Ligand SMILES: NC(=O)c1ccc[n+]([C@@H]2O[C@H](COP(=O)([O-])OP(=O)(O)OC[C@H]3O[C@@H](n4cnc5c(N)ncnc54)[C@H](OP(=O)(O)O)[C@@H]3O)[C@@H](O)[C@H]2O)c1
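Numbering (the working numbering), first residue to last: 4 to 362.
Listed below in structure tokens is the structure:
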């Protein structure tokens, strides 16, 4: 029987998730929750540019809670960054879980243990009430910085350091609110410092969860996780899809989160973000990479349509997790608990011609 899927929010990640679910024979769309008033009442397919699904978008949470479904893919803007209540996402997730629907989110909580017993208890109680499973995923964090190094580590005899590096150029995207208001590109150094508290806390939680999960997966005890931010200012005006980055304002951000064992950085997670290919010329260029230094030294570079499709990748990682999450026992299931998530049944093979009838 096909998994019935509700989609929560239809933005950069939600839209490809809807399109993927609508196109799969083992899944069907059962509901869509939206925030944008102009999307309410429209067919989910029309909203994301695929053929009509028969599912009409609603902003009525009660309706969603009452809708029968196996799983909700939850991909809204994170409340930690937007709202006044930092628990808003957690509360919504718990209501969905308690209503009997498994939840897969990309909003955070990838390793709930990191947030302490209060969050773990709350999620577990909701799962118990609904007999459901909670899982959080993404492309990075979620795959590049988590599943990839853990998978690579199975080739190791000794691990000295795990180093994850994301290199992204946001030049062509059109997301002015996220780029300028939330991420702080286009601000002066002083303004960035003044405004970035919330964003920095959110990012630090997100990537620290990932580092802690990898550390637990590798069985290493961390003494602390440190954060370092370096800014690069534009040396000229840069025209981007989100607007102009003016000379003298933030055009590049380099973040490093490091998990330390004693005086040694054992797991580092670095993001190098540019608003234009000409920004921060002296920083590393190229593709995302995961390096394990040790015996042997292993390095994987990830190339492809990643810059444009990081959102699609996050969506598909969530969609491909559906069968595992729906089959799992109730409770919190991180990547350390679930079986290997694979693209099962996705190989594009030519259709077989029907056999000719024997006369
Ligand atoms: N780990 C990863 O690799 C990864 C990668 C990408 C994104 N993410 C996370 O996934 C989530 C979705 O990302 P995205 O790129 O899809 O974001 P987005 O396109 O900027 O926004 C997502 C949707 O949030 C809804 N929204 C509008 N106002 C809101 C509000 N006040 N509170 C909550 N939601 C509101 C809107 O839904 P409607 O349009 O339906 O009204 C919007 O389209 C974010 O939490 C992001 O941090 C994770």
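C-beta atoms are modelled at their ideal positions from N, C-alpha and C, and glycine is treated no differently. Remember, it's a predicted structure, so these values are computed and weren't measured experimentally.
Residue i beta carbon near ligand 1 (any heavy atom closer than 6 Å)
{"i": "residue 93", "result": "no"}
{"i": "residue 203", "result": "no"}
{"i": "residue 143", "result": "yes"}
{"i": "residue 80", "result": "yes"}
{"i": "residue 48", "result": "no"}
{"i": "residue 109", "result": "yes"}
{"i": "residue 222", "result": "no"}
{"i": "residue 363", "result": "What the structure shows of the chain is the stretch from 4 to 362, and residue 363 is not part of that stretch, so it cannot be assessed."}
{"i": "residue 314", "result": "yes"}
{"i": "residue 13", "result": "yes"}
{"i": "residue 276", "result": "no"}
{"i": "residue 318", "result": "no"}
Coarse secondary structure for residue i, derived from DSSP in three states
{"i": "residue 331", "result": "coil"}
{"i": "residue 118", "result": "helix"}
{"i": "residue 359", "result": "coil"}
{"i": "residue 133", "result": "helix"}
{"i": "residue 105", "result": "strand"}
{"i": "residue 7", "result": "strand"}
{"i": "residue 85", "result": "helix"}
{"i": "residue 261", "result": "strand"}
{"i": "residue 354", "result": "coil"}
{"i": "residue 123", "result": "helix"}
{"i": "residue 110", "result": "coil"}
Short Cβ contact (7 Å threshold) for residue i with residue j
{"i": "residue 34", "j": "residue 50", "result": "no"}
{"i": "residue 243", "j": "residue 186", "result": "no"}
{"i": "residue 101", "j": "residue 148", "result": "no"}
{"i": "residue 325", "j": "residue 6", "result": "yes"}
{"i": "residue 137", "j": "residue 110", "result": "no"}
{"i": "residue 314", "j": "residue 16", "result": "yes"}
{"i": "residue 115", "j": "residue 210", "result": "no"}
{"i": "residue 122", "j": "residue 205", "result": "no"}
{"i": "residue 293", "j": "residue 151", "result": "yes"}
{"i": "residue 240", "j": "residue 233", "result": "no"}
{"i": "residue 37", "j": "residue 62", "result": "yes"}
{"i": "residue 45", "j": "residue 22", "result": "no"}
{"i": "residue 159", "j": "residue 262", "result": "no"}
{"i": "residue 72", "j": "residue 322", "result": "no"}
{"i": "residue 117", "j": "residue 215", "result": "yes"}
- Query: Pairing CB atoms from the region 161-168 with CB atoms from the region 343-350, are three or more of them under 8 Å?
  - Reply: no
- Would you check if there are 3 or more beta carbon pairs closer than 8 Å linking the region 44-55 to the region 75-94? no
- Item | alpha helix (DSSP H) runs wholly inside the region 271-335, at least 4 long, in chain order | 309-330
- Taking only runs that begin and end inside the region 30-76, name each unbroken alpha helix (DSSP H) of 4 or more residues, in chain order. 47-51, 64-69
- Task: Taking only runs that begin and end inside the region 140-190, name each unbroken alpha helix (DSSP H) of 4 or more residues, in chain order.
- Result: 150-155
- Please go through the region 184-259 and give each complete beta strand (DSSP E) segment of 3 or more residues, from N-terminal end onward. 227-236, 241-243, 246-248
- Segment contact flag, the region 226-237 with the region 261-278, C-beta cutoff 8 Å, min 3 pairs: yes
- Query: Is the region 276-293 in contact with the region 241-256, if contact means three or more CB pairs nearer than 8 Å?
  - Reply: yes
- Query: Three or more C-beta pairs closer than 8 Å, one from the region 211-220 and one from the region 174-181: is that the case here?
  - Reply: no
- Does the region 294-311 come close enough to the region 148-163 to have 3 or more Cβ pairs within less than 8 Å? yes
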